[in-house]
Amino acid sequence: MKAGACNIDDEKGMALANQLGVLNGGIPHISLFGAKAKAHSTGGSPWAEVMVGAPQSLSDLEATVTDLLAKMSA
Amino acid sequence: MFGRTWSDWRGAQQRVPKAAAQCQPRPPSSDCLALSVASICTPPSPFSDMVTTRTTALSLTLLAVALLGVEAGDGMQVVDKDTYASLGIESSDDVWLIEFYSDMCGSCKEFKPTFVELGAPASRLLLIRWAGPQPPACWLPLLLLALLQPLTRVLPRAEPQLASSQR
Chain A
299 MKAGACNIDD EKGMALANQL GVLNGGIPHI SLFGAKAKAH STGGSPWAEV MVGAPQSLSD
359 LEATVTDLLA KMSA
Chain B
206 MFGRTWSDWR GAQQRVPKAA AQCQPRPPSS DCLALSVASI CTPPSPFSDM VTTRTTALSL
266 TLLAVALLGV EAGDGMQVVD KDTYASLGIE SSDDVWLIEF YSDMCGSCKE FKPTFVELGA
326 PASRLLLIRW AGPQPPACWL PLLLLALLQP LTRVLPRAEP QLASSQR
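Chains A and B, in that order, give the protein sequences. Residue numbering for the first sequence follows our numbering, beginning at 299 and increasing consecutively. Residue numbering for the second sequence follows our numbering, beginning at 206 and increasing consecutively.
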């Protein structure tokens, strides 16, 4: 797994966020991207949502990511 | 910086007055190629080997940093519209964990350490990325040359022009 960060204060960052439509639920927004995430997601979005708007604890996020990765591998 | 003062350098040139006049285009060689890139014309002198080697290495290092904009980060790939497309994230076989945030968002700032820790296993290695424009392919041999140049100066170089001027 690779990790990245998109700053929406940056013009190109905001352009990407608008292109993907990830800002509807607020920030910070964390999602999984990639071919597997796209195949797993519902509603035609290219990501699998991990956290939207309300920050969560590290343990909760790890559990969510682990669960999503397991579903993608299944 | 090079262990010789400017007056030493000028004095050496005065003792060998023809040296400056002999600073002419030399046949293509690794030295001339490197020096032309760094816009440096060093006349043959008793110190030319020492000065040329150090100056060339320093100049090319600074040139590479200035032109290529090497930047070190905390391992997080900066993602924007361009990198999202160029890295092929959407169709990648790898799974990407990406956070969208704003510097003006208080909860984003508070959450940043958590995300860094969450993404740490994925970004344990320090990434070095180009922050500048895409380098043309012709720069790569020059950078390789700059790295290898110190290895090519094991033996002192002969100075036939200098020897003939002293006769």
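We put the beta carbon where it would ideally sit given N, CA and C, even for glycine.
Among the residues of its own chain, which have a CB less than 7 Å from the CB of residue i, if the five just before and after it don't count?
i: Gly324/A; result: Val350 and Gly351
i: Ser339/A; result: Trp345 and Ala346
For residue i, which residues of its own chain have a beta-carbon under 6 Å away from its beta-carbon, when the five flanking residues on both sides are left out?
i: Gly324/B; result: Leu302
i: His327/A; result: Val320 and Val350
i: Thr362/A; result: Val348
i: Cys313/B; result: Tyr306 and Ser307
i: Lys336/A; result: Pro344
i: Ser355/A; result: none
i: Glu304/B; result: Phe320
i: Ser244/B; result: Unreliable positioning characterises Ser244/B in this predicted model, as indicated by a pLDDT of 43, which lies under 50. A coordinate reading is not provided.
So, for residue i: in the same chain, excluding its five sequence neighbours on each side, which residues have a beta-carbon less than 8 Å away from its beta-carbon?
i: Ile306/A; result: Met312, Ala315, Leu321 and Ile325
i: Lys334/A; result: Met370 and Ser371
i: Ala368/A; result: none
When the Cα of residue i is compared with those of the options, which residue comes out closest?
i: Ile294/B; options: Ser329/A, Lys369/A and Leu367/A; result: Ser329/A
i: Ser297/B; options: Leu318/A, Glu360/A and Gly332/A; result: Gly332/A
i: Glu360/A; options: Leu349/B, Leu353/B and Thr319/B; result: Thr319/B
i: Leu366/A; options: Glu304/B, Val284/B and Val300/B; result: Val300/B
i: Gly342/A; options: Gln354/A, Cys304/A and Leu318/A; result: Leu318/A
i: Asp285/B; options: Leu356/A, His338/A, Ala368/A and Glu309/A; result: Glu309/A
i: Asp358/A; options: Glu322/B, Asp287/B, Ala290/B and Met309/B; result: Glu322/B
i: Pro353/A; options: Met309/B, Lys317/B and Leu345/B; result: Lys317/B
So, with DSSP's three-state summary, where would you put residue i?
i: Gly332/A; result: coil
i: Met299/A; result: coil
i: Leu292/B; result: coil
i: Ala337/A; result: helix
i: Cys313/B; result: helix
i: Gln317/A; result: helix
i: Val348/A; result: strand
i: Val284/B; result: coil
i: Val321/B; result: helix
Give a yes or no on whether 8 Å exceeds the smallest Cβ distance from residue i to chain C.
i: Ala303/A; result: In the structure shown, chain C does not exist; the protein chains are A and B.
Would you call residue i buried or exposed, if buried means 16 or more other Cβ atoms sit within 10 Å of its Cβ?
i: Ala303/A; result: buried
i: Glu315/B; result: exposed
i: Met281/B; result: buried
i: Leu347/B; result: buried
i: Ala351/B; result: buried
i: Ala290/B; result: exposed
i: Ala346/A; result: buried
i: Ala301/A; result: buried
i: Thr364/A; result: exposed
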